[in-house]
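Student: The structure is given below, and queries will be raised subsequently.
In this note's numbering, the protein residues as written are 9 to 135.
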């Protein structure tokens, strides 16, 4: 299922997305704030370091997460796209630079570096 036009607009406006891993028993882990960007009709998040632990490892293993921004709260399907570079990385990097550039080059450079790019996840709306 795709994000609605209104959901995409809210994701694009949100400074941070609150993401919670879905546990095996169906409960939610503690939501954590992450930066989110949108390319076309798809949302992407990154972490500075690709890890098998923490929120990144949990959502990567389960393939699911719960996302929340003002006006949107729903489950999402999580897909690892960190090693898929058919030009997607450059587009996501550019989106991070535009949206979060006010935080300074050092911060944005870290979020667009090789390690963060390898930890890119696509979020698709779940039905």
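All C-beta atoms, glycine included, are put in the ideal place defined by N, C-alpha and C. All figures in this text were calculated on a predicted structure; none of them were measured in a lab.
#1: Alpha carbons only, please: which of 35, 13, 52, 39 is nearest the one belonging to residue 107?
#2: The beta strand (DSSP E) that contains residue 52, what's its start and end?
#3: So, residue 84 versus residue 134, is the Cβ gap smaller than 9 Å?
#4: Does DSSP classify residue 101 as helix, strand or coil?
#5: Among 91, 105, 37, which has the Cα closest to the Cα of residue 70?
#6: Can the beta-carbon of residue 88 be found closer than 9 Å to that of residue 125?
Tutor: Let me spell this out:
#1: 52
#2: 50-54
#3: yes
#4: helix
#5: Closest in alpha carbon position to residue 70, among 91, 105, 37, is 37.
#6: no
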